[in-house]
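**Q** Can you read through this structure? Questions will come right after.
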Amino acid sequence: MCTILAFVFAAVAILFAPIIFGPAAIVLGLVGGYLGDRPLGWYAAAAGVLGGALGFVLGAIVLNAAS
């Protein structure tokens, strides 16, 4: 369950509040990885890192284009 929620948070981090949802996805992915769903948990944590980073980049592009 934690890994599924981590993937959802990683996807949400791309468009909304990457500073909140990115780390939440990482933590949930790591928890899911340690609680038994090992490969999927690690993939979810990696998706959290990528989602948070991509959210920051897209936010910077949008804010730079708006000004």
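Per our numbering, the sequence shown starts with residue 6, numbered consecutively.
Don't be surprised by glycine CBs; every beta carbon is placed ideally from N, CA and C.
No experiment lies behind these values; they were computed from the predicted model shown.
Where does PHE21 sit, in a helix, a strand or coil, going by DSSP?
**A** Assignment of PHE21 by DSSP, reduced to helix, strand and coil, places it in the coil class.
**Q** Under 8 Å Cβ to Cβ from GLY41, same chain only, skipping five residues before and after it: list those, please.
**A** For GLY41, where only same-chain residues beyond five positions count, there are no Cβ hits under 8 Å.
**Q** Under a three-way DSSP split, which group does GLY63 fall into?
**A** The residue asked about is misnamed: residue 63 is Leu in this sequence, not Gly. In the structure shown, LEU63 sits in a helix (DSSP, three-state: H, G or I).
**Q** For a test of the three-state rule: what should DSSP assign to GLY27, helix, strand or coil?
**A** helix
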